[in-house]
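S.K.: Counted the way the UniProt record's numbering counts, the sequence shown spans residues 1 to 562.
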Amino acid sequence: MIYFIYSYYFPITFRNVISWLGIPYASPPIGNLRFRHPRPMQPWDGIRNATQPPNSCVQIDDTMFPGFDGTEKWNANTPISEDCLYLSVTAPEIPKQDKQRLPVLVWIHGGGFFSGTTTLDVYDPRTLVSEEEILFVGIQYRLGSLGFLFADSHEAPGNAGLFDQLMALVWVKENIIEFGGDPERITIAGGTAGAASVGFHLLSPLSNTYFSQAIMQSSSALVPWGLLSKKEASARSKDLAGIARCPIDDLSLMIDCLRGLKATQIMYLEWESPRLRIMDIPFVPVLDGIFIPDNPREALHLGGYKKVNILIGTNEDDGQPDMFYNLPDLFKMSENVSIGDEYFTKAVNELNPYVNEVGRNAIIFEYIDWSRPRSPILNRDALTEMMSDHQFTCPTIDFAHGLTGGENKVFMYKFNHRSSRNPWPVWSGVIQGEEIPFVFGDPLNRSKSYMESEIELSKRMMRYWSNFVRAGDPNLSLVATETRWPEYNPIQRRVLELQAGNNSISEGLDLRKCEFWSRYLPNLLSSTTKSLVNNVSLSLEENLEPSKNKGLWNFFTGELFF
Numbered sequence: 001m002i003y004f005i006y007s008y009y010f011p012i013t014f015r016n017v018i019s020w021l022g023i024p025y026a027s028p029p030i031g032n033l034r035f036r037h038p039r040p041m042q043p044w045d046g047i048r049n050a051t052q053p054p055n056s057c058v059q060i061d062d063t064m065f066p067g068f069d070g071t072e073k074w075n076a077n078t079p080i081s082e083d084c085l086y087l088s089v090t091a092p093e094i095p096k097q098d099k100q101r102l103p104v105l106v107w108i109h110g111g112g113f114f115s116g117t118t119t120l121d122v123y124d125p126r127t128l129v130s131e132e133e134i135l136f137v138g139i140q141y142r143l144g145s146l147g148f149l150f151a152d153s154h155e156a157p158g159n160a161g162l163f164d165q166l167m168a169l170v171w172v173k174e175n176i177i178e179f180g181g182d183p184e185r186i187t188i189a190g191g192t193a194g195a196a197s198v199g200f201h202l203l204s205p206l207s208n209t210y211f212s213q214a215i216m217q218s219s220s221a222l223v224p225w226g227l228l229s230k231k232e233a234s235a236r237s238k239d240l241a242g243i244a245r246c247p248i249d250d251l252s253l254m255i256d257c258l259r260g261l262k263a264t265q266i267m268y269l270e271w272e273s274p275r276l277r278i279m280d281i282p283f284v285p286v287l288d289g290i291f292i293p294d295n296p297r298e299a300l301h302l303g304g305y306k307k308v309n310i311l312i313g314t315n316e317d318d319g320q321p322d323m324f325y326n327l328p329d330l331f332k333m334s335e336n337v338s339i340g341d342e343y344f345t346k347a348v349n350e351l352n353p354y355v356n357e358v359g360r361n362a363i364i365f366e367y368i369d370w371s372r373p374r375s376p377i378l379n380r381d382a383l384t385e386m387m388s389d390h391q392f393t394c395p396t397i398d399f400a401h402g403l404t405g406g407e408n409k410v411f412m413y414k415f416n417h418r419s420s421r422n423p424w425p426v427w428s429g430v431i432q433g434e435e436i437p438f439v440f441g442d443p444l445n446r447s448k449s450y451m452e453s454e455i456e457l458s459k460r461m462m463r464y465w466s467n468f469v470r471a472g473d474p475n476l477s478l479v480a481t482e483t484r485w486p487e488y489n490p491i492q493r494r495v496l497e498l499q500a501g502n503n504s505i506s507e508g509l510d511l512r513k514c515e516f517w518s519r520y521l522p523n524l525l526s527s528t529t530k531s532l533v534n535n536v537s538l539s540l541e542e543n544l545e546p547s548k549n550k551g552l553w554n555f556f557t558g559e560l561f562f
C-alpha cells in the first residue's frame, strides 16, 4: 500500500479533484548514474508528502523573445534539477458508492527532447479530469545529453530518457489501482517530442505490456529530427566531450569527465557542436537496437508495432514557430513579414541542407504558388507550409498510414482553429501546440475570456479524447449534434477537421505533399546523387541500419547487458 499526503482542489468546473504531486518512480539519476538507464526507486517508510509539484529536468530557458507569453509559457516553472524522475497523479473526487476503476491517461510532454516539463500550466489536467472523469498521470524524463548521450556502453547506453518514460509506465501499471485507476485501460499520449516518444513505445518490444492505446499530437516516430543512427549519436557525444575539454579516445574517461561538469554547463555546450546544421537537435533518441530495435519505417512495413487503437493528428501550421528560430532574419515578430524571390530561394536552401540543387529546385517547384509566383506574402506562407509538411505533418500521416490495415483502429484529425488568445503574429496561423489548451479544457476558464465557440470546441475535443481513453473510440456517447469521427484507412484516408463551429470530414488531406516528401523527392535524389536526403533520414537504411548488438535491459537492476 502507498501512503501520501495529497492536494485537494476546487477546479473551475463542477467536480472537485485530488492530486498527488511529485511521486518518485526511479532513483535520482545523479553522480555515477548520470547518462545511465534509470534505477528503480527504493521503498520508503511512512507517509510521503505529495503536495508540491516536482522539479523540472535540467534544461535551458528559451530567451529568444524575453517576456513574450508565446515562449515564456513553455519555460520550466519549477526548479530544474537532475533529481527529476517524478510523476503526478490527478483524479476526480467520486462518491464511494459510485467508484469504479477509471481509465488512465499518461501524458508525455513535448519540447524537442531538450526542454519541457509536465508541471507547465498548459498541461494542467484538473478541468479535463473533473469534466470527463478520467485519471491523469504526467511524467518527467531526462532531456538533452543527460537523457540521450550515447557512447555505446553501459555507462552511456543512449535513450535514457525513453527508459525513464518506460520505468514510469511500469510504475503506473503496477500502482495506479491504488489511486482508483484501471491498469488494463492505460492510454499513453503526448505532443511533438512526446508524440514521437509515444511512437517509439509503439515500436518497442519493451513497452508492449504497459499500455492499451495511444494518442499522438503533431509528431510521430518518423519525424526527421527525432532519431539518430548510432554513428551520428556517438559522433555528437564525442563532439560534446571535445568542446568540454574531456578526453575522447577513452570512453570511460570521457564519461567520467562529463560527469564532473555541472549539468547546466553541459546543456549549454550541447549547442556548440560544429556538426549541427539548421533544424538539428543535438541529442535525441538513437537507433540502439534495444529500445528501438529497427528502422521505424521498416518496422511499420513489417508490422513490428503494438496493434492498439490510435488517435493521431497535426495542426495546420505545426512548422511555426520554428521558422522564427531557424530563419530569424526573415521571420520577425511582426505582422509585416514578406519574403521576396531571392530570399525565398535562399531560405529553401538553408532549410534543406542535405538536399542537392536538383532536389531544392523540386521543392521550390512544389511549394511556390504558380498563380502568383512572385508574391512575397505567398512565399512566406509557402515556407511555413514546407516546414510543417516536412517536419511534422507528413511524418505523422505516414506513421498513421503505416498503422492501418490491421485489427486496430486509427482515428486522425487536423486542428485548424487559431486561438483568440494566440499572441503570435496572425500570419503564423495555427501553430505547434495550439491544440493543447483545448484538449486540457483551458477555454472553460471564464476568467481567460475565450469565445463561446472556443469553449464549445474545447468541450468537443475533451469528449473525443476522453471517449478514446475510455474505450479506444472517440465516438462513444456523442450527442446528436456532434460530428462522428470516421476511422482512417488506406483507401479513404478520412480526417476529422477540428475547428470552431462545426467540425468537418476531409478525405486524402495533404496526400500530394506527403507523397512528394516520402516518395518523389527521395527517388529524385537517388537518381541524381549518392548523398543522403538527411543524415538522420528515417527513409534511408544506410544511416539507420539495425543494431548488430542487441542487448537486454533488466528492469530490476536498471542495467543493460551486452
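Think of the CB as a built atom: it goes at the ideal place given N, C-alpha and C, for glycine as much as any other residue.
Since the model is a prediction, treat every value here as computed from it, not as a measurement.
#1: Write down the C-beta distance between Leu85 and Ala26 rounded to the nearest angstrom, noting that I regard them as a contact closer than 8 Å.
#2: Could you say which of Arg36, Ser237 and Ala382 lies nearest to Ile363 if we only look at CA atoms?
#3: Pull the bridge partners of residue 592 from the DSSP assignment, please.
#4: To which residues of the same chain is Trp517 closer than 8 Å at the C-beta, ignoring the five residues directly before and after it?
#5: List the DSSP bridge partners of Pro66.
#6: My output table needs one value for Lys414: the three-state DSSP class, helix, strand or coil.
#7: Could you name the residues of the same chain whose beta carbon sits closer than 7 Å to that of Leu203, not counting the 5 residues immediately before and after it, in chain order?
#8: Is Arg512 buried or exposed, if buried means 16 or more other CB atoms sit within 10 Å of its CB?
#9: Below 8 Å, can you find three or more Cβ-Cβ pairs linking the segment 314-331 to the segment 408-421?
#10: So, is Trp107 buried or exposed, given that buried needs 16 or more other C-beta atoms within 10 angstroms?
#11: Among Ala235, Val137, Ser219 and Phe179, which one has its Cα closest to the Cα of residue 576?
#12: Would you be able to state if there are at least three C-beta pairs under 8 Å between the segment 188-195 and the segment 206-224?
#13: Below 7 Å CB to CB, which residues in the same chain sit around Leu509 once its five sequence neighbours on both sides are set aside?
#14: What do you get for Phe411, buried or exposed, if any count of 16 or more other CB atoms within 10 angstroms of its CB means buried?
#15: Would you check if the segment 329-344 and the segment 419-428 touch, i.e. whether three or more CB-CB distances between them fall below 8 Å?
#16: On the CB-based measure, 16 or more other CB atoms within 10 Å of its CB, does Gly46 come out buried or exposed?
#17: Identify the continuous alpha helix (DSSP H) that holds Thr264 and give its terminal residues.
#18: Leaving out five residues on either side along the sequence, give the residues of the same chain with a beta carbon under 7 Å from the beta carbon of Gly180.
#19: Keeping to the same chain, check which residues put their C-beta closer than 7 Å to that of Leu476; ignore five residues upstream and five downstream.
#20: Mark Phe68 as exposed unless 16 or more other C-beta atoms lie within 10 angstroms of its C-beta, in which case mark it buried.
#21: Give the DSSP-derived three-state secondary structure of Gly402 in the structure shown.
#22: On the criterion of 16 or more Cβ atoms from any shown chain inside 10 Å, does residue 641 qualify as buried, or is it exposed?
#23: Following the continuous beta strand (DSSP E) through Asp182, name the residue where it begins and the one where it ends.
#24: Please go through the same chain and pick out, in chain order, the residues whose beta-carbon is closer than 7 Å to the beta-carbon of Met323, but skip the five residues on each side of it.
#25: Looking at C-alpha atoms only, which residue of Asp164, Leu21 and Ile186 is the closest neighbour of Glu174?
#26: Which residue from Glu507, Thr117, Ser237 and Lys459 puts its Cα closest to that of residue 563?
#27: Nearest-angstrom Cα distance between Val172 and Gly70?
#28: Tell me where the alpha helix (DSSP H) around Leu383 begins and ends.
#29: Just to confirm, is the Cβ distance from Glu232 to Leu146 under 8 Å?
#30: Excluding five sequence neighbours on each side, which residues of the same chain lie with their C-beta closer than 7 Å to the C-beta of Tyr123?
#31: One question on the structure: do Phe400 and Tyr325 come within less than 8 Å of each other, judged by their Cβ atoms?
#32: For a minimum of 4 consecutive residues, which ranges assigned as the alpha helix (DSSP H) are wholly contained in the segment 331-365?
#33: If Met462 sits next to Leu128, beta carbons under 8 Å apart, how far is it from one beta carbon to the other, in whole angstroms?
#34: In the DSSP output, which residue or residues are listed as bridge partners for Val286?
#35: Taking all protein chains shown into account, do 16 or more other C-beta atoms lie within 10 angstroms of the C-beta of Ser130, making it buried, or fewer, making it exposed?
#36: Could you check the C-alpha separation between Lys262 and Leu521 for me, to the nearest Å?
M.R.: Judging by the given coordinates:
#1: 4 Å
#2: Ala382
#3: With the chain represented from 1 up to 562, any question about residue 592 goes unanswered, as that position is not in the structure.
#4: Asp389, His390 and Cys394
#5: According to DSSP, Pro66 bridges with nothing at all.
#6: strand
#7: Ala221, Ile292, Pro296, Ala299, Gly304 and Tyr305
#8: exposed
#9: yes
#10: buried
#11: In the structure displayed, the chain extends from 1 to 562; residue 576 sits before or after that span and is not available.
#12: yes
#13: Lys414 and Val495
#14: buried
#15: yes
#16: exposed
#17: Ala263 to Leu269
#18: Ala91, Lys99, Arg101, Leu102 and Leu135
#19: Asn467 and Arg470
#20: exposed
#21: helix
#22: Lying before the first or after the last residue shown, residue 641 is absent from the chain, which here runs from 1 to 562.
#23: Gly181 to Gly191
#24: Phe331, Leu383, Thr384 and Met387
#25: Ile186
#26: This structure does not reach residue 563, given that the chain is present from 1 up to 562, and the question cannot be answered.
#27: 32 Å
#28: Pro376 to Ser388
#29: no
#30: Trp107, His109, Gly138 and Phe440
#31: Going by the sequence as given, residue 400 is Ala instead of Phe. Taking 8 Å as the Cβ cut-off, Ala400 and Tyr325 do not qualify as a contacting pair.
#32: 341-351
#33: 6 Å
#34: Leu228
#35: buried
#36: 43 Å
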